[in-house]
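Working notes for the structure below.
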Amino acid sequence: MPSEGAQYTIGGVKILFPCKAYPSQLAMMNAIVKGLNNRQHCLLESPTGSGKSLALLCSALSWQQALYGECQSEDRKAAPSPPCHCRCHSQARSSEAAASGTPSAPCSASYPEPGTSRTPGSPLETLASKLSAKKKLSLHASENDDFQVDRKRIRPLETEQQVRKRHCLAKGHIDLPVGFCASSFCLALQPPGPCTECSCASGKEPGKDPSHTKKKENGDRLCVPKIFFGTRTHKQISQISRELRRTAYSCVPMTILSSRDYTCIHPVVSNSGNRSEMCVELLEGKHGKSCSFYHGVHKLSEQPALQPAHGLYQAWDIEDLVGLGRKLRACPYFAARELMVGADIVFCPYNYLLDPQIRDTMDINLKDQVVILDEAHNIEDCARESVSYGVTESQLRAAREELDFMVSNSIRQKHHEPLRAVCCSLINWLQESSGQLVERAFESACKVWSGKEMLNFLHQMGITGITFPILQKHLAAVLEKEEKVSMHGREEIIEVPVVSPAAQIMLKGLFMVLSCLFKENSRFADDYRVALQQTYTWMTEDQRDDADKSSFFPRPKHKKSSRQKTLVHMLNFWCLNPAVAFSDLNEVRTIVLTSGTLSPMDSFSSELGVKFSIQLEANHVIRNSQVWVGTVGTGPSGRELCATFQHTETFEFQDEVGALLLSVCQTLGQGILCFLPSYKMLDKLKDRWMHTGLWRNLEDVKTVIAEPQGGAKSDFDELLKIYYDAIKCKGEKDGALLIAVCRGKVSEGLDFCDENARAVVTIGIPFPNVRDLQVELKRKYNDQHKSTRGLLSGSQWYEIQAYRALNQALGRCIRHRNDWGALILVDDRFRKNPNKYITGLSKWIRQQVQHHGSFGSALRSLRAFALRNQSPGEPWAEPGPELPAKHTSSLAGKDLPVLCVELRSCPKLRVRSVVQCQGWDFSSILCFPSLGCCRDILEQLVHFSSG
Numbered sequence: 001m002p003s004e005g006a007q008y009t010i011g012g013v014k015i016l017f018p019c020k021a022y023p024s025q026l027a028m029m030n031a032i033v034k035g036l037n038n039r040q041h042c043l044l045e046s047p048t049g050s051g052k053s054l055a056l057l058c059s060a061l062s063w064q065q066a067l068y069g070e071c072q073s074e075d076r077k078a079a080p081s082p083p084c085h086c087r088c089h090s091q092a093r094s095s096e097a098a099a100s101g102t103p104s105a106p107c108s109a110s111y112p113e114p115g116t117s118r119t120p121g122s123p124l125e126t127l128a129s130k131l132s133a134k135k136k137l138s139l140h141a142s143e144n145d146d147f148q149v150d151r152k153r154i155r156p157l158e159t160e161q162q163v164r165k166r167h168c169l170a171k172g173h174i175d176l177p178v179g180f181c182a183s184s185f186c187l188a189l190q191p192p193g194p195c196t197e198c199s200c201a202s203g204k205e206p207g208k209d210p211s212h213t214k215k216k217e218n219g220d221r222l223c224v225p226k227i228f229f230g231t232r233t234h235k236q237i238s239q240i241s242r243e244l245r246r247t248a249y250s251c252v253p254m255t256i257l258s259s260r261d262y263t264c265i266h267p268v269v270s271n272s273g274n275r276s277e278m279c280v281e282l283l284e285g286k287h288g289k290s291c292s293f294y295h296g297v298h299k300l301s302e303q304p305a306l307q308p309a310h311g312l313y314q315a316w317d318i319e320d321l322v323g324l325g326r327k328l329r330a331c332p333y334f335a336a337r338e339l340m341v342g343a344d345i346v347f348c349p350y351n352y353l354l355d356p357q358i359r360d361t362m363d364i365n366l367k368d369q370v371v372i373l374d375e376a377h378n379i380e381d382c383a384r385e386s387v388s389y390g391v392t393e394s395q396l397r398a399a400r401e402e403l404d405f406m407v408s409n410s411i412r413q414k415h416h417e418p419l420r421a422v423c424c425s426l427i428n429w430l431q432e433s434s435g436q437l438v439e440r441a442f443e444s445a446c447k448v449w450s451g452k453e454m455l456n457f458l459h460q461m462g463i464t465g466i467t468f469p470i471l472q473k474h475l476a477a478v479l480e481k482e483e484k485v486s487m488h489g490r491e492e493i494i495e496v497p498v499v500s501p502a503a504q505i506m507l508k509g510l511f512m513v514l515s516c517l518f519k520e521n522s523r524f525a526d527d528y529r530v531a532l533q534q535t536y537t538w539m540t541e542d543q544r545d546d547a548d549k550s551s552f553f554p555r556p557k558h559k560k561s562s563r564q565k566t567l568v569h570m571l572n573f574w575c576l577n578p579a580v581a582f583s584d585l586n587e588v589r590t591i592v593l594t595s596g597t598l599s600p601m602d603s604f605s606s607e608l609g610v611k612f613s614i615q616l617e618a619n620h621v622i623r624n625s626q627v628w629v630g631t632v633g634t635g636p637s638g639r640e641l642c643a644t645f646q647h648t649e650t651f652e653f654q655d656e657v658g659a660l661l662l663s664v665c666q667t668l669g670q671g672i673l674c675f676l677p678s679y680k681m682l683d684k685l686k687d688r689w690m691h692t693g694l695w696r697n698l699e700d701v702k703t704v705i706a707e708p709q710g711g712a713k714s715d716f717d718e719l720l721k722i723y724y725d726a727i728k729c730k731g732e733k734d735g736a737l738l739i740a741v742c743r744g745k746v747s748e749g750l751d752f753c754d755e756n757a758r759a760v761v762t763i764g765i766p767f768p769n770v771r772d773l774q775v776e777l778k779r780k781y782n783d784q785h786k787s788t789r790g791l792l793s794g795s796q797w798y799e800i801q802a803y804r805a806l807n808q809a810l811g812r813c814i815r816h817r818n819d820w821g822a823l824i825l826v827d828d829r830f831r832k833n834p835n836k837y838i839t840g841l842s843k844w845i846r847q848q849v850q851h852h853g854s855f856g857s858a859l860r861s862l863r864a865f866a867l868r869n870q871s872p873g874e875p876w877a878e879p880g881p882e883l884p885a886k887h888t889s890s891l892a893g894k895d896l897p898v899l900c901v902e903l904r905s906c907p908k909l910r911v912r913s914v915v916q917c918q919g920w921d922f923s924s925i926l927c928f929p930s931l932g933c934c935r936d937i938l939e940q941l942v943h944f945s946s947g
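So the sequence shown is numbered by full-length UniProt numbering: it starts at 1 and just counts up by one.
Written out as structure tokens, the structure is:
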């Protein structure tokens, strides 16, 4: 920990902090420790840049370490009873040792130091070297072959007991050869006879403590909960990992769970479009090949750099793990999963914790654990999506064909036939129901049923609460890749063909949502809406043949045109209640939801079905003078700006917004972010500004970039690089303008600190699309249940979604204590009805909102704000060509501070022309009285002009 670190004791827990904590950080740590101690759930809002990540990590990990200390103290206090050497107890101990594979070790508050050195030839060294040599020998022959013949088709991941045993071997806790049983050896030396050394003959077992036994049975580390730290994106995990390195807790055992998109290093799979399916196919070894990286997982999970016992351990990131995996030719994806067994803190995207399919795949058990969900402003949407599912008619037909092949080839007929019947029933129901569809828009139609209505249809198909568990067993059976058979009087394990990964994913998703419908006697059925949607799409030949490529049995390909308009039927099971997903988390010890933009906070408890006993809205750590928050209801020409759908369609509104944005770009240098409510508006404004020439005027001042909708991640990263480079490299243009969309890529998880965002301009209020079918159903659902379940009304829920998106966009500015910037909210509704539209903003923003009656007053205030906060050492843009006469004369007669701001915001301005326009003498320019903060600017003027 740095020398300037501080120590705090909160709720009986000693917290080591890397610096002096802000008041908001102390408030957060107090709330978190209180929640952890009392098993209460927390809802905490702390503005971005106020250090909430450090507060989260230090408070949670220090509480965990304190719990380790308590476990250690309890073990010391428990005086061990003298060992019993009788025959019955020796046998019991022998069987327990054989079952567990390792002796119990007390919980430790601190992580063990490197083991003491041993002389060559010691039992531990010999055993370790033998194990290592054996593993190396098994892989040496084909170590450089990415496609390795798979003798033992899939190497199973180690269990927790096996990992503990291996760690005990590494730390020197076991000195006896494998298979050596001390109790059996002692028993053999004892003469036969009745037990005389204990009271077991009377049936008493002294020293038997049920709680202590339970702790040992569950493993010596399970008395202390794991911390599962979920955040929205993998990029945010990287930021959290960097924060962890700053703390005194950077040595805690950790892991990062992520998708194959970020961790696969196989040269073929990593470059494919669907890495998950290709990885599964490769591990199944269908073509006699497997993945050498997968079989080298132990080389990565046992690396000293990733083991706290070696003293080299430090918080690491996904890039570190992938780099080490490339070096060792070992799979980072599966290594991270193995490291989870011994980890104290597990980082992952938070859908890994909410999605039941991902939890099952990753073997995540959250019972009695601590769950922290950072950037949780979108947690309601994520929870609903995690227990929703959609399947197309073509996917059902493809799965039915594969199941047909399995049945016709007598492969696990009794298991495949019921699953085929499910697919056939759903396909027939889709065809019957397609005649009931109601047209909603051009070439789109739909029909919606409630969850209870869908249960009736399922009942007619033979899928009921009684038969569904049987179907689940059939699905589990067909996914098994091996089975035991009797051959020549003995049992042998043979490989059995299974359906393609695409069919597996479809069946798992369908069964997941059906299990939610049948869960707890169909308790959640009313929380679902089932929508059959009909649309048309253009599909190429490659897209239409995808299903043919992955099946175990090749199906004949039909001739199709290269591009064909295709009718698509999509069956959607939409969950409208996020509490369905959170019902699986009801055994979690403590849930902590935190974000910089949780406001408004009213809906979380009712929507998630979780009682948040501890709530906090922390203040920002910056001074009021570092942020300018203003609402603007009119443009430069005085035209009113109200960004409702009717107004945004007019050219007058579009032109006025463009002129306003140009004025802001001319006033403020460096980076500016502009957020629009939708991609549709972005396209309309861009087309209009291209036509009128305003886009070209913007490009004369700044490099202009528009956020793309969709597209590859690499393309988006390239655009961001252009934006950052335009700000960093001072040229003729003064910085860059990034036009983005609320709820888009730019508004989530990206850091625009300092000069990268000197202003955030929001146009309008980003309400969800009122015509979207899911939005419409959710509003009706909330209105239906607002009185019985305490939900917000549909209109209240609808407005809250807009404010959260707006707060998230505004949060891109002001990223640390010394940062400064302006938040410009463009819409007249803020000024006309502040009680309705301002109360939804985050606390630190709504406290400083100023309403400006005219655009001119707002711009003057903005110029003065920029001048006050401009650092003296900040470089000026290089002077450009002569300013046109019209612009030069407009500066004549202005007061000195305003002139300095104009000079900063207009990099093409030649200083000499303006100074001559004012009639100043260069030799006496610094003799102006009361120069104040402008002196450094004028010194630069003289320097530039004389040059």
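Here a beta-carbon is modelled for each residue, glycine too, at the ideal position from N, C-alpha and C.
In the DSSP assignment, residue 850 forms a beta bridge with 630.
Residue range 451-460 is occupied by the alpha helix (DSSP H) that includes residue 454. For residue 817, no alpha helix (DSSP H) segment is defined, and its DSSP state is neither H nor E. Following the DSSP letters along the chain, one finds residue 716 inside the alpha helix (DSSP H) bounded by residues 713-728. The shortest C-alpha to C-alpha distance from residue 575 to any of 803, 512, 590, 537 is the one to 512. One Cα belongs to residue 272, the other to residue 376, and the distance between them is close to 32 Å. With three or more CB-CB distances shorter than 8 Å, the region 516-532 counts as touching the region 564-583. In the DSSP assignment, the residues bridged to residue 615 are 43.
Residue pairing from DSSP places residue 574 in a beta bridge opposite 529.
Residue environment: residue 691 is assigned as exposed (fewer than 16 neighbouring CB atoms within 10 Å of its CB, all protein chains considered). Within the same chain, 407 come within 6 Å of residue 413 by CB-CB distance, once the 5 residues on both sides are set aside. Residue 702 is positioned such that its CB atom lies closer than 8 Å to that of residue 737. Per DSSP, residue 706 lies in no alpha helix (DSSP H) segment; the continuous beta strand (DSSP E) that holds it begins and ends at 703-706.
The secondary-structure analysis by DSSP pairs residue 564 across a beta bridge with 539. For the pair residue 760 and residue 696, the CB atoms are not nearer than the 8 Å cut-off.
In the DSSP assignment, residue 487 falls within the beta strand (DSSP E) that extends over 482-487. In the structure shown, residue 349 falls within a strand segment according to DSSP collapsed to helix, strand and coil. Going by beta carbons, residue 422 and residue 463 fall inside the 8 Å limit. Annotation for residue 284: the continuous alpha helix (DSSP H) segment containing it runs 275-284. Between the alpha carbons of residue 610 and residue 373 lies a distance of about 14 Å. Residue range 651-667 is occupied by the alpha helix (DSSP H) that includes residue 653. Taking 8 Å as the cut-off, the beta carbon of residue 775 is found no closer than this to the beta carbon of residue 766.
Residue 662 holds the alpha-carbon nearest to the alpha-carbon of residue 734 among 473, 763, 662, 745. Within the same chain, no residue comes within 6 Å of residue 303 by CB-CB distance, once the 5 residues on both sides are set aside. The Cβ-Cβ distance between residue 339 and residue 292 does not fall below 8 Å. Note on the region 727-785: whole beta strand (DSSP E) runs with a minimum of 3 residues are 736-741, 759-763, in chain order.
Partner residues in the beta bridge of residue 593, as assigned by DSSP, are 43, 373.
Leaving aside the five residues that flank residue 539 on each side, the residues in its chain whose CB is nearer than 7 Å to its CB run, in chain order, 564, 566. In this structure, the straight-line span from the alpha carbon of residue 229 to that of residue 590 is close to 12 Å.
Under the three-state reduction of DSSP output, residue 245 falls in the helix class.
The C-beta distance from residue 41 to residue 35 rounds to 7 Å, short enough to fall under 8 Å. Rounded to the nearest angstrom, the gap between the Cα atoms of residue 260 and residue 584 is 25 Å. The closest CA to that of residue 810, considering only 62, 237, 840, 533, is found on 840. For secondary structure counted as the beta strand (DSSP E) over 3 or more consecutive residues, the region 384-430 holds these complete runs in sequence order: 389-392. For residue 675, no alpha helix (DSSP H) segment is defined; the enclosing uninterrupted segment is the beta strand (DSSP E) at 671-676. Within the DSSP bridge table, the entry for residue 446 names 438, 533 as partners.
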